[in-house]
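As they're listed, the protein sequences go chains A and B.
Count the first sequence with my numbering and you get residues 174 to 523, in order.
Count the second sequence with my numbering and you get residues 119 to 258, in order.
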Amino acid sequence: MEFESHHSESPQPTGLRYLFMTWTGRIIVINTIVYLAMGFKGGWFTPDTELLLRFGAKDSVSLAQGDYWRFFTPVFVHIGLLHYVVNNLGLYYIGFPLERLLGWRWFLAVYLIAGVVGNVSSALFNVSMSAGASGALFGLLGCGFYFERVIGQRIAESTGTKPRTGVYSSMVIVNIMFGILVPGIDNAAHLGGLLGGILTTYTMTFMRPNQLREFNPVIARRIMIVSAIVLAAAMGVATSPRFVLYRLGSQAEKSLKAFDSGRNQQRYGSEAYSYFTEALKIDPDNLEFLYQRGRLLFLSGKTNEALNEFRLPAGNAEYHQKLIILAQQLRDRGMVTWQLERLLTHTQPE
Amino acid sequence: MKIFLVSFTLLLTSSVLIASSPSNDKKEKVEGIYTISAISGKASDFYAIQMHPEKKDQPHLLLETHYVHPRLVVGLKLRVIGTVFKKSPKQSELAQALFFVNTPSGMTPFWQLSRHASALDLSTTPLMKLHAPSSDFSVL
Chain A
174 MEFESHHSES PQPTGLRYLF MTWTGRIIVI NTIVYLAMGF KGGWFTPDTE
224 LLLRFGAKDS VSLAQGDYWR FFTPVFVHIG LLHYVVNNLG LYYIGFPLER
274 LLGWRWFLAV YLIAGVVGNV SSALFNVSMS AGASGALFGL LGCGFYFERV
324 IGQRIAESTG TKPRTGVYSS MVIVNIMFGI LVPGIDNAAH LGGLLGGILT
374 TYTMTFMRPN QLREFNPVIA RRIMIVSAIV LAAAMGVATS PRFVLYRLGS
424 QAEKSLKAFD SGRNQQRYGS EAYSYFTEAL KIDPDNLEFL YQRGRLLFLS
474 GKTNEALNEF RLPAGNAEYH QKLIILAQQL RDRGMVTWQL ERLLTHTQPE
Chain B
119 MKIFLVSFTL LLTSSVLIAS SPSNDKKEKV EGIYTISAIS GKASDFYAIQ
169 MHPEKKDQPH LLLETHYVHP RLVVGLKLRV IGTVFKKSPK QSELAQALFF
219 VNTPSGMTPF WQLSRHASAL DLSTTPLMKL HAPSSDFSVL
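(1) Taking DSSP as the reference, what is the three-state secondary structure of M508/A?
(2) Does any residue of chain A bring its CB to less than 8 Å from the CB of L180/B?
(3) Return the first residue and the last residue of the alpha helix (DSSP H) that A401/A is part of.
(4) Measure the alpha-carbon distance for S141/B versus G422/A and round it to whole angstroms.
(5) Quick check: what's the CA-CA separation for P522/A versus A490/A?
(6) Identify the residues that DSSP records as bridge partners of A215/B: which are they?
(7) So which residues on chain A does R189/B lean against when the C-beta distance must stay under 7 Å?
(8) CB G317/A to CB L372/A, shorter than 8 Å?
(9) How would you list, in chain order, the residues of chain A whose beta-carbon sits under 8 Å from the beta-carbon of S158/B?
(10) Could you have a look at N477/A and say whether DSSP puts it in helix, strand or coil?
(11) Classify A271/B as helix, strand or coil using the three-state DSSP reduction.
(12) Going by DSSP in three states, I353/A sits in which element: helix, strand or coil?
(13) Is S428/A closer than 8 Å to E451/A when the C-beta atoms are compared?
(14) Tell me whether I324/A sits in a helix, a strand or coil according to DSSP, three-state version.
(15) So I203/A packs on F249/A, CB below 8 Å; how close in whole Å?
(16) Quick one, which residues of the stretch 211 to 227 of chain B are near chain A if we go by CB-CB under 7 Å, in chain order?
(17) Using alpha carbons as the reference points, say which of Y375/A, L313/A, N299/A lies closest to F416/A.
(18) Just verifying my parser: in three-state terms, what is the DSSP assignment at V192/B?
(19) At least one CB of chain A closer than 8 Å to the CB of Y152/B: is that the case?
(20) Going straight from the alpha carbon of V509/A to that of V202/B, what length do you get?
(21) Just verifying my parser: in three-state terms, what is the DSSP assignment at F164/B?
(22) Can you tell me the Cα-Cα spacing of F311/A and F320/A, whole angstroms?
(23) The beta strand (DSSP E) that contains L180/B, what's its start and end?
(24) Of all the alpha helix (DSSP H) runs that stay within the bounds of the stretch 268 to 316 of chain A, which reach a length of 4 or more residues?
(25) So is L429/A in contact with chain B if we call contact Cβ pairs under 8 Å?
(26) Starting from G507/A, find everything on chain B with Cβ-Cβ shorter than 7 Å and list it in chain order.
(27) Work out the CA separation of L517/A and A487/A for me, nearest whole Å.
(28) I454/A by DSSP, collapsed to three states: which one?
(29) Could you tell me if T332/A is buried or exposed, where buried requires 16 or more neighbouring beta carbons within 10 angstroms of its beta carbon?
(30) Under 6 Å Cβ to Cβ from E172/B, same chain only, skipping five residues before and after it: list those, please.
(31) Measure the alpha-carbon distance for S307/A versus R420/A and round it to whole angstroms.
(32) Output, in chain order, the set of chain B residues within a Cβ distance shorter than 7 Å of N481/A.
(33) Could you tell me which of R386/A, F228/A, G507/A sits nearest to I252/A, measuring between CA atoms?
(34) Is P207/B helix, strand or coil by DSSP?
(35) With a CB to CB cut of under 6 Å and the five nearest residues on each side skipped, what residues in its chain are close to M408/A?
(36) Taking the alpha carbon of N220/B as the point to measure from, which residue in L194/B, H184/B, E146/B has its own alpha carbon closest?
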């Protein structure tokens with residue numbers, strides 16, 4: 174390995190030298206400044222969605238409306254104290270050894286590219302708002318994991334004995350398991366970050382002279398071009414309003430089915446309502462979404478608000494008929510529906 | 119004479135009390151063309167809609183609510199009719215408002231209530247929290 178491998182001459186700095194003289198430390202400082210700024214705005218423990226949005230969290234609707242920088246900024250934003258501490262502690266432990274091994278330029282490249290790939294992956298597979306450095310951290314783990322595998326292979330080739338799986342491989346497995354078992358974790362971003370880290374490291378091994386792989390910048394360039402095309406295409410899909418609407422609509426439908434089946438109505442009703450609300454930010458005249466959101470509002474007792482939602486669908490012949498059926502169903506449940514019936518009487522379908 | 123004086127004092131006191139008691143009939147109404155200048159989620163379950171008037175002599179308006187119709191967006195210019203329940207030199211806070219929005223179905227009125235509406239004795243339905251932390255955000 175010739176990746177600035179000067180272990181003996183540069184031990185890990187401590188204190189302020191670590192924070193300001195290494196890029197790992199500087200990233201921790203940036204994360205801390207962003208966290209403090211959010212904290213002073215009231216987001217010490219559980220920042221609300223508006224605050225997260227203001228500080229650059231990943232949000233599918235905002236991406237569809239052109240906030241493309243949200244693929245990058247979530248890397249520095251954390252959701253509360255625990256999230257901030259866990260991610261920055263992780264960065265503190267795994268960051269510097271890799272920075273020393275790769276050099277600061279490649280370390281930053283792996284960290285930031287993995288962070289962006291993680292956010293693109295999150296935007297493709299997860300419609301919820303998300304933020305955090307762990308996509309980028311998974312990229313660093315992916316980098317370590319890759320070296321461990323390749324070096325292990327070289328050792329096996331030369332000695333005939335395969336070394337036992339190392340620390341990075343264990344960390345990757347443990348963290349993936351953790352993501353599967355604990356709800357509310359953006360596994361798509363983690364896996365995307367991991368892939369981004371592995372791919373960047375793999376490309377790097379062709380670009381810099383080293384003892385692992387033959388120097389071949391042509392292959393590296395090809396990988397970079399193909400990766401850039403795939404990433405751009407993925408970004409295009411993730412920011413397409415049609416795709417975001419489809420994802421939100423299908424999530425809402427799932428929650429709505431659970432709500433209609435009668436299990437945990439408060440949770441699934443609220444979830445479906447949130448998804449419809451997000452979808453209506455992109456397409457405020459979507460009659461189906463308005464009808465469904467109105468139905469949820471009506472069933473939760475917010476009659477006035479429900480009627481607002483029904484005003485647009487009521488003018489459409491198909492939805493007018495759906496509203497008549499809904500009124501009948503609600504009456505059968507023993508609900509008061511005179512306001513809805515009055516709206517139907519006063520609205521002439523086209 | 120004494121009886122007359124006592125009666126007069128009682129009458130005066132009760133008149134003052136009646137005059138100073140809050141009355142629903144005396145709610146101030148406001149109407150005009152407004153532009154929505156901000157819609158902020160002040161907490162996870164309520165929003166503040168701020169509107170500035172087209173005419174300078176009209177007050178700035180604020181409606182704090184649990185619900186925002188998706189048609190109401192920042193920058194939208196529309197006709198607003200509202201009932202004022204709290205006035206300050208800077209702005210008037212609305213108890214309820216009718217927003218007249220141009221939609222594909224024509225001019226459509228949307229009625230929104232203040233989150234303080236239940237305390238203001240307006241005829242309204244129970245306000246229910248429709249907030250789902252699980253679908254609000256996830257942790258990376």
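Even glycine gets a Cβ: it sits at the ideal position worked out from N, Cα and C.
These figures come from a predicted structure and were not determined experimentally.
With the given structure in hand:
(1) Coil.
(2) Closer than 8 Å to the CB of L180/B there is not a single CB belonging to chain A.
(3) 390 to 411 is the span of the alpha helix (DSSP H), which, as asked, contains A401/A.
(4) Because S141/B carries a pLDDT of 43, less than 50, the predicted location of this residue cannot be relied on, and the following value inherits that uncertainty. Spanning the two alpha carbons is a distance of roughly 46 Å.
(5) Each residue's Cα considered, the two are about 5 Å apart.
(6) Beta-bridge pairing links A215/B to G200/B, Q230/B.
(7) Result: P457.
(8) The answer is no: Cβ separation not under 8 Å.
(9) Identification of chain A residues near S158/B by a Cβ-Cβ cut-off of 8 Å yields E223, ordered along the chain.
(10) Three-state DSSP puts N477/A in a helix.
(11) No statement about residue 271/B is possible, as the shown extent of chain B runs from 119 to 258 and does not include it.
(12) Taken through DSSP and simplified to helix, strand or coil, I353/A comes out as helix.
(13) 8 Å or more divides the Cβ of E451/A from the Cβ of S428/A.
(14) DSSP places I324/A in helix when its eight states are reduced to three.
(15) Right, their Cβ atoms sit about 5 Å apart.
(16) Cβ contacts with chain A come from T221, P222, S223, T226.
(17) Nearest of Y375/A, L313/A, N299/A to F416/A, Cα basis: N299/A.
(18) Coil, per DSSP.
(19) Cβ-Cβ to chain A under 8 Å: no for Y152/B.
(20) When rounded, the distance between both Cα atoms is 29 Å.
(21) Strand at F164/B.
(22) Looking at the two C-alpha atoms, the distance is approximately 14 Å.
(23) Annotation for L180/B: the continuous beta strand (DSSP E) segment containing it runs 178 to 183.
(24) Whole alpha helix (DSSP H) segments, 4+ residues: 277 to 298.
(25) For L429/A, the answer is no, since every Cβ of chain B falls outside 8 Å of its Cβ.
(26) Going along chain B, no residue has its Cβ under 7 Å from G507/A, so there is no contact; the nearest lies around 16 Å.
(27) Taking the CA atoms as reference points, A487/A sits about 7 Å from L517/A.
(28) The displayed chain sequence assigns Lys, not Ile, to residue 454/A. Looking at K454/A - three-state DSSP - the assignment turns out to be helix.
(29) Exposed, because fewer than 16 other Cβ atoms sit within 10 Å of the Cβ of T332/A.
(30) Around E172/B: I151.
(31) Linking S307/A to R420/A through their CA atoms gives a straight-line distance of about 23 Å.
(32) At a beta-carbon threshold of 7 Å, the residues of chain B lying near N481/A are H187, F228, W229, ordered along the chain.
(33) Closest in alpha carbon position to I252/A, among R386/A, F228/A, G507/A, is F228/A.
(34) If DSSP states are grouped into helix, strand and coil, P207/B belongs with coil.
(35) Contacts found: V293.
(36) For the residues L194/B, H184/B, E146/B, the minimum Cα distance to N220/B belongs to L194/B.
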